[in-house]
Amino acid sequence: MLQEIQLKDIEVSFREFVENSVKGNEIIIMKDNKPIAKIIPFPKKLRRRLGTAKGQVIIREGFKDIPEGFEDYVLSLLCMGMIFHSCSSQILMSKTSSQQAVEREVQFFDSDIFDESLSSSLGSGGSEITAKIPDETVRITEKFPKRLDKWLYMVKTNKGAVRIEAEPASGAEKGMPGFIGDILTGIYDAIREMILYSPAKNYNATLYYEKKTGQVTRVVFTKK
C-alpha cells in the first residue's frame, strides 16, 4: 500500500510514523508536491538481522519527538549501504546541503568511523575516492593493516584491479612490498561484513607509497 504525506502536514508522533511503515506501507514524503523521501520496510531477513531497525526511516525533519541519537543511528545504517539508494525518477532521501557534498577524501585511522565514512563515500558513486594515510602509519615493508586489507580484498574478490605504485618522484626504491600476498589472501567474515564493504565492489584500487621511505601515503579507489 502506497501513501503520500506532505511534509508540512506531518505533525504526527515519530513513533506512530515508524509503526505505520512497519505495517508494510510504502510512504512517500512530499515537499512542494515533489517526492523528497521514501520509507520502505526492510526485507524480513534484514529486519531479523538488524533487530531494532524496523523500516527505512529516511526523514530528518517534521517530527516533534525524534529519539535522541536517532540521526546518528540512521547515518550508521546509511554508511553500511542499508538505507540510501536513489534513481533518476525520485529522490529517496532528504539531506541538508552539507550532507549532499560527497566526501572525495577520507582520512585513514584505525576506527570503525573510518570504515563507515569510506563506505558512505564509495556508496555515493563518486568517480574517485582517496583514503589518505597519515605519516608513519603504514610502511610498504610491513604487514598491511587489516582494516585497509579488507577493503582491498573486497575490490579483488569482485574482479577489481588492485595495484601498487610509487608516488611520482618519491626517491629510490625501498623494496618490493612485503605484504602484497597478505592483501589478496585470507578469508574474512565476508557474510557479516558484506553490507559495509559492498560499495567497494564497483571500484579498482591503487595503493601509493614513497619509494625512499616505504611509507604508504594513500589508497585511491577509482570507479570501474
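Under our numbering, the first residue of the sequence shown carries the number 51, and numbering increases by one thereafter. The beta-carbon is built from N, C-alpha and C at its ideal position, and this holds for glycine as well.
Short Cβ contact (8 Å threshold) for residue i with residue j
i, j, result
"Val205", "Pro195", "no"
"Ser276", "Lys274", "Coverage of the chain is limited to positions 51 through 274, which leaves residue 276 absent and any answer about it impossible."
"Ala255", "Val266", "no"
"Ser171", "Tyr247", "no"
"Arg154", "Ile179", "yes"
"Glu260", "Glu217", "yes"
Environment of residue i [buried if 16+ CB atoms lie within 10 Å]
i, result
"Ile163", "exposed"
"Phe159", "exposed"
"Asp185", "exposed"
"Gly175", "exposed"
"Ala211", "exposed"
"Gly264", "buried"
"Ser161", "exposed"
Option in the options with minimal Cα separation from residue i
i, options, result
"Ala250", "Tyr203, Gln157, Ala216 and Thr263", "Tyr203"
Contact set for residue i: own chain, Cβ-Cβ below 6 Å, skip 5 residues either direction
i, result
"Glu192", "none"
"Leu257", "Ile214 and Val269"
"Trp201", "Ala250"
"Gln149", "At Gln149, the pLDDT of 38 sits below 50, so the modelled position is not reliable and the matter cannot be decided from this model."
"Leu198", "none"
Other residues of its chain near residue i: CB distance less than 7 Å, five sequence neighbours each side excluded
i, result
"Tyr253", "Leu172, Val205, Gly210, Phe271, Thr272, Lys273 and Lys274"
"Thr207", "none"
"Cys137", "Legend: pLDDT at Cys137 = 23, less than 50; position of this residue unreliable, value from coordinates given subsequently. Result list for Cys137: empty, nothing under 7 Å."
Residues bridged to residue i (per DSSP)
i, result
"Arg213", "Thr256"
"Glu178", "Thr272"
"Val266", "Tyr259"
"Glu155", "Thr180"
"Arg189", "Gln265"
Same chain only: Cβ atoms within 8 Å of residue i, ignoring 5 sequence neighbours per side
i, result
"Val156", "Phe164, Ser167, Leu168, Ser171, Ile179, Thr180, Ala181 and Lys182"
Residue i at chain D interface by Cβ criterion, 8 Å
i, result
"Lys273", "In the structure shown, chain D cannot be found, because there is only a single protein chain."
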